[in-house]
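J.:
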Amino acid sequence: MDVSDDISSYVHGAYYPSWRVYKGETPSSMRLDLLNHLTLEQHLDKKADLDISVDGTKGCLSALRLAKATTHERLQLMLSVGGGSGSAHFPALASTSTGREQFATSCRSWVDQYGFDGIDLDWEHPSSLEQGRDFLALVQALRNSLPVPRYKLSAALPAGEWCLRNVPLARVGSVLDNLNLMCYDFVGPWTGVSGYHSQLYSSTTPQNPYDARSAHTAISFAITQGIPANKIVMGIPAYGRSFADVDSPGKPSKASGGGDGTVLYRDLPLPDMKEQVQRDRVAAYCTGQEGGFVSYDVPETVVIKCEYVKAQGLGGVFYWTGVGDATGERSLVAHSHRALFSKK
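Here the UniProt record's numbering is used: the first residue of the sequence shown is 1, the next is one more, and so on.
Shown next as structure tokens:
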């Protein structure tokens with residue numbers, strides 16, 4: 001199967017959290033040769049970003065810049081600001097023109113200083129219509145500071161109407177280059193029920209509110225609200241969600257299993273567990289004889305999702321995170337690369 005040289009036709013990206021260097025997982029551990037977008041998440045840790053030895057240089061920022069300059073010149077480098085643990089300041093910051101302009105100026109300074117291509121706004125998450133309007137104003141301030149075509153601007157939002165309805169999506173979409181929809185975490189320890197956490201399609205007869213959530217539902221809502229389809233990038237998790245006290249979806253669950261209930265994809269299926277695919281949902285899972293249910297994606301589901309991206313005219317896919325992927329024939333990144341860019 002031949003692969004097209006035009007790897008810019010779709011976004012094929014991944015997030016890289018800089019704190020993974022403390023686990024020995026540097027940017028070079030990812031398949032940078034198969035990606036065209038790489039987003040450095042959590043630009044907050046000076047040691048990881050600037051000081052620690054990483055891939056022959058100092059800090060993740062320099063390592064990524066060096067990788068692009070030497071061997072991966074087609075890689076678009078984005079700095080993510082915010083995140084799950086770094087968004088508390090956004091409501092106040094975005095509520096004033098001074099705060100927005102100062103933030104946008106700082107972002108431009110970071111991008112220029114470290115040789116990146118743009119900013120990814122990861123405000124998790126606008127929780128009211130007022131915050132949604134401020135989100136738009138912040139995006140507009142960033143665009144003014146990061147003009148096209150020199151700079152790229154994206155934003156990440158949860159794939160759920162419960163959040164997306166707060167944001168004036170049509171106007172936001174007219175400003176952004178891409179909207180990264182986080183099409184995962186539809187269920188977890190906070191829902192009290194097991195399920196497929198990154199399903200492409202929801203159940204035709206949902207048994208609970210979480211069963212009705214899906215990538216397709218969120219993407220369809222975003223498009224009906226005015227986001228151009230070709231700006232929507234579908235998020236795919238390189239991790240699974242674990243429910244230790246049940247053996248199937250739709251069951252009451254209070255035990256997430258190990259830490260925060262996540263398992264890196266490369267470690268799945270877990271020992272003594274059987275892996276299966278729920279094809280009508282486009283979701284995979286593994287279960288064991290002694291119980292336990294883990295929901296995740298596998299090469300088969302990733303290929304189907306990429307076919308969906310192409311059929312719907314979407315912008316591409318991204319992974320959270322690039323370091324969670326497996327190697328060889330189990331690699332999600334390798335399969336999505338072939339699915340998006342292979343010549344028919």
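By construction, the Cβ of each residue, glycine as well, lies at the ideal position given by its N, Cα and C atoms.
#1: Going by beta carbon distance, what residues of the same chain come within less than 6 angstroms of Val-246, once the five residues before and after it are set aside?
#2: Taking 6 angstroms as the limit between beta carbons, can you name the residues of its chain near Thr-262, skipping five residues before and five after?
#3: Find the nearest neighbour of Glu-300 within the set His-125, Gln-199 and Lys-23, judged by alpha-carbon distance.
#4: May I ask whether a heavy atom of the ligand GTP can be found less than 6 angstroms away from the beta carbon of Val-81?
#5: DSSP state of Arg-241, grouped into three classes?
#6: Can you tell me the Cα-Cα spacing of Ala-229 and Phe-135, whole angstroms?
#7: Could you check if Asp-122 is buried or exposed, using at least 16 other CB atoms within 10 Å of its CB as the buried criterion?
#8: For Gly-160, tell me which candidate among Ile-223, Arg-133, Asp-325 and Asp-120 has the shortest Cα-Cα distance.
#9: In or out: Asp-272 buried (at least 16 other Cβ within 10 Å) or exposed?
#10: Grouping DSSP H, G and I as helix and E and B as strand, with all else coil, what is Gly-259?
#11: State the DSSP-derived secondary structure class of Leu-332, mapped to helix, strand or coil.
#12: Would DSSP call Asp-325 helix, strand or coil?
#13: For Leu-340, which option in Glu-130, Cys-163, Lys-305 and Ser-154 has the closest C-alpha, if you only look at C-alpha atoms?
#14: In this structure, how does DSSP classify Tyr-10 when only helix, strand and coil are distinguished?
#15: Going along the chain, which residues of its own chain have a beta-carbon closer than 7 angstroms to the beta-carbon of Tyr-210, five neighbours each way excluded?
#16: So, at 7 angstroms on beta carbons, what are the nonlocal neighbours of Ala-137 in its own chain, with the 5 sequence-adjacent residues on each side left out?
T.: Inspection of the coordinates gives the following:
#1: By the criterion of a C-beta distance shorter than 6 angstroms, Val-246 is surrounded in its chain by Ser-194, Ser-253 and Phe-293, once the five residues flanking it on both sides are discounted.
#2: Within the same chain, Thr-262 has close Cβ partners Tyr-239.
#3: The option with the nearest alpha carbon to Glu-300 is Gln-199.
#4: For the structure depicted, the ligand GTP is absent and the ligand set is empty, with no information on it obtainable.
#5: If DSSP states are grouped into helix, strand and coil, Arg-241 belongs with the strands.
#6: Each residue's Cα considered, the two are about 20 angstroms apart.
#7: In summary, Asp-122 is buried, with 16 or more beta-carbon neighbours lying within 10 Å of its beta-carbon over all protein chains present.
#8: Answer by Cα proximity: Ile-223.
#9: Exposed, by the Cβ-count rule.
#10: DSSP places Gly-259 in coil when its eight states are reduced to three.
#11: Assigned with DSSP and collapsed to three states, Leu-332 falls in helix.
#12: Residue state, collapsed to three classes: coil.
#13: Leu-340 has its Cα closest to that of Lys-305, out of Glu-130, Cys-163, Lys-305 and Ser-154.
#14: Tyr-10 falls in the coil class under three-state DSSP.
#15: Answer for Tyr-210: Phe-186, Val-187, Thr-191, Val-193 and Gly-195, listed in chain order.
#16: Apart from the 5 residues on each side of it in sequence, Ala-137 sits with its Cβ closer than 7 angstroms to the Cβ of Ala-94 and Arg-100 in its chain, given in chain order.
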